[in-house]
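**Student:** This structure is in structure tokens; I'll ask about it shortly.
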Amino acid sequence: MDKKTKTIALCGKGGVGKTSVSALMIKNLAQRKDLKVLAIDADPAVGLCTALGVQIKKTVDDIRNDLINSIKKGESQSKAATLNMLDYELFDALTEYDNIGLLAIGRPESEGCFCKVNSLLKDIIQDLAKNFDVVLIDGEAGVEQINRRVMKTVDHLIMISDTSAKGVNVANTIKHLAQDNKAVDYKSMGMILNRVRDESEVLNIKNNLPIQLLGWLPEDDLIREFDFHGRSFLDFPDEARACKTVKQIIQDLQIL
Amino acid sequence: MELFEQTFSDIRNYIEGKNCRFRVAAEQKTPWPSGKGRNVVLSDEMAVELGSPQMNSVSCLIWTENRNLICDGKINLVGPDIKESNGQSLPFGKIVLAEVSGFDEAGTYDKYKEMEAVRYSLDLKGYMIRAVSQYQREWSRISREAVQKGFSFKVLGSALREEYLKKDYIHAVEILFVTSSGEDVGELQEITKNVGRTISAMNKMLSEIDPDCDECEYNDVCDEVDELKGMRKTRDEKRMNTNG
């Protein structure tokens, strides 16, 4: 039977620790050496690449801009030839580390609307993703960006929030956008609370949360230390609480 | 001059002049499992890489209606075979020579595009291909598991030939693989440079709405090759009829 790719997207307000959680998830997923993991850094700040200790060669937006420039110069190719070229360039932009492939979306710089180019790139990213067992997208705050620039459908949409009212409100807004405005198709949705100082905070938030709480991570000095020193989260100790919590969430979601 | 006539002759001379490691007959039915549509080979599981973006690479397909120019089923290899290259990244050249029929001014470019798509339809477990026809580049990877199970240029060439022969207008296929050195691949790039220009000329002639032939960078190719002259004439006639 053909293997099915599982797709997870992480969203949330800036500064809530989305990228650290994404990196810990990738670390846990990639420990299964029989699996191929595609990590997509959809945040223009390309923080996931730093969190994984990986240098990127080029971003999807570099490829997009090259294509737009060649179109502007009047160079034309058939759709099939263009798709094959994008496929080649995208694989070249993939940074590989063990069984992990990392793709950075980057920041769009060209002005104007190039919906056709975006649509071709999205098709190619989706085709590439089918070759992996798990795809994890570290998204921007806005869930619509995932749909517009990466892919239309994900299996698990995970909101990350700290315990602030602002963070939880943003997560609720994302939920509303995804659910009611159909900004992205998903099969399951949940939230991870990050930087929890006291378990009572979790209980308070959980009672008013319109989303399933998948788990929570305490304020963690080790995460801060890894962030501060720019150390790769792939080296994060397995026995650390944050790592164990993320592993449990992956198991509960039956991602593997 | 017939399309690619000179290139056929140059490639034949190239094959004769190089120390061909083998010239084998393709298998009638390739005994290789399908990758079930999952054909990404990451460097972690890779045994051999051919024509990566950091290496010299050339890949093209040329066709003729002259049966005598093709040795059907022959797979020529200049350089080491896949199992002898374990752990290496090699320069790569691949030329497909095909005997075809029914290529006329109206259908040649569409048939070329169909033939061009054939390599992407190969679904061999442990074999990954990425290619850009505009630049005549082809980049492939073979997994360690595939090499252990005997993946070779004979397997690849036979599978490729089998795919091409599924087209009812392709009757014979011969393939040349080059892995010996960047210089040998560079020599092949020189030989096939005009193939790329000819295809680009066809693309421009047939995809642009109103190309100006006097200003066109491929003017010289279109003036020299009979098939292109014919295609241009057909296009101009169509345009005149449309304009009344």
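In order, the protein sequences belong to chains W and C.
Residues 1 to 256 (this note's numbering) make up the first sequence, in order.
Residues 1 to 244 (this note's numbering) make up the second sequence, in order.
Backbone N, C-alpha and C fix where the C-beta goes; we use that ideal spot for every residue, glycine too.
Note that this is a predicted model, so its numbers are computed, not measured.
1. Could you check where the beta strand (DSSP E) with residue 122/C kicks off and where it finishes?
2. Anything in chain C within Cβ reach of residue 85/W, meaning under 7 angstroms, just list it in chain order.
3. Quick check: what's the CA-CA separation for residue 229/W versus residue 218/W?
4. Can you tell me whether residue 3/C is helix, strand or coil according to DSSP?
5. Do you know how far the Cα of residue 66/C is from the Cα of residue 1/W?
6. Where in the region 48 to 95 of chain C do unbroken runs of the beta strand (DSSP E), each at least 3 residues long, occur, reported from the N-terminal end onward?
7. Using DSSP with H/G/I as helix, E/B as strand and the rest coil, what is residue 248/W?
8. List the whole-angstrom C-beta distance separating residue 95/C from residue 11/C, where the pair is believed to meet the contact cut-off of C-beta under 8 angstroms.
9. Whose Cβ in chain C lies nearer than 9 angstroms to the Cβ of residue 101/W?
10. Please report the straight-line C-alpha distance between residue 74/C and residue 25/C, rounded to a whole angstrom.
11. Which of the three DSSP states is assigned to residue 102/C in this structure?
12. Who does residue 122/W pair with in a DSSP beta bridge?
13. State the start and end residues of the unbroken beta strand (DSSP E) segment that holds residue 131/W.
14. Among 248/W, 223/W, 150/W, which one has its Cα closest to the Cα of residue 237/W?
15. Please state whether DSSP places residue 77/W in a helix, a strand or coil.
16. Output, in chain order, the set of chain C residues within a Cβ distance shorter than 7 angstroms of residue 212/W.
17. Look at the Cβ atom of residue 7/C, then the Cβ atom of residue 203/C, and state whether they are nearer than 9 angstroms.
18. Can you give me the start and stop residues for the alpha helix (DSSP H) that residue 20/W sits inside?
19. For residue 3/W and residue 50/C, I'd like the C-alpha separation in whole angstroms.
20. Taking Cβ-Cβ distances shorter than 9 angstroms, what residues in chain C pair up with residue 228/W?
21. Give a yes or no on whether the C-beta atoms belonging to residue 101/W and residue 37/W are separated by under 9 angstroms.
22. In chain order, what are the residue ranges of uninterrupted alpha helix (DSSP H) at least 4 long that sit wholly in the region 147 to 181 of chain C?
23. Excluding the five sequence neighbours on either side, which residues of its own chain have a C-beta within less than 7 angstroms of the C-beta of residue 196/W, listed in chain order?
24. Rounded to whole angstroms, what is the Cα-Cα separation between residue 105/C and residue 70/C?
25. From residue 132/C to residue 209/W, what distance separates their C-alpha atoms?
26. Can you name the residues of chain W whose CB is closer than 9 angstroms to the CB of residue 139/C?
27. Which chain W residues sit within Cβ distance under 9 angstroms of residue 203/C?
28. Going by Cα to Cα distance, which pick from 96/W, 175/W, 254/W is closest to residue 12/W?
29. Where does residue 228/C land, buried or exposed, given buried means 16+ other C-beta within 10 angstroms?
30. When burial is assigned at 16 or more other CB atoms within 10 Å of the CB, is residue 89/W buried or exposed?
31. List the residues of chain C whose Cβ lies closer than 8 angstroms to the Cβ of residue 6/W, in chain order.
32. Please classify residue 205/C: does DSSP put it in a helix, a strand, or coil?
33. Tell me the rounded alpha-carbon separation between residue 75/W and residue 97/W.
34. Tell me whether residue 111/C sits in a helix, a strand or coil according to DSSP, three-state version.
**Tutor:** In short, the structure shows the following:
1. Segment: none, residue 122/C is in no beta strand (DSSP E) and carries neither H nor E.
2. 132, 134
3. 20 angstroms
4. coil
5. With a pLDDT of 40 at residue 1/W, under the threshold of 50, the modelled position of that residue is not reliable, and the figure given next carries that caveat. Looking at the two C-alpha atoms, the distance is approximately 45 angstroms.
6. 57 to 64, 74 to 78, 88 to 90
7. helix
8. 6 angstroms
9. 40, 42
10. 5 angstroms
11. coil
12. Paired residue(s): none; residue 122/W is not in a bridge.
13. Here residue 131/W belongs to no beta strand (DSSP E), and DSSP marks it neither H nor E.
14. 223/W
15. coil
16. Those within 7 angstroms of residue 212/W in chain C number zero; the least Cβ separation is about 31 angstroms.
17. no
18. 18 to 30
19. 27 angstroms
20. Within 9 angstroms Cβ-Cβ: nothing; residue 228/W doesn't reach chain C, min ~30 angstroms.
21. yes
22. 153 to 164
23. 163, 202, 216, 217, 218, 219
24. 23 angstroms
25. 50 angstroms
26. 88, 91, 92
27. 76, 77, 78, 81
28. 175/W
29. buried
30. buried
31. What residue 6/W touches in chain C: nothing, since even the nearest Cβ is about 14 angstroms away.
32. helix
33. 35 angstroms
34. helix
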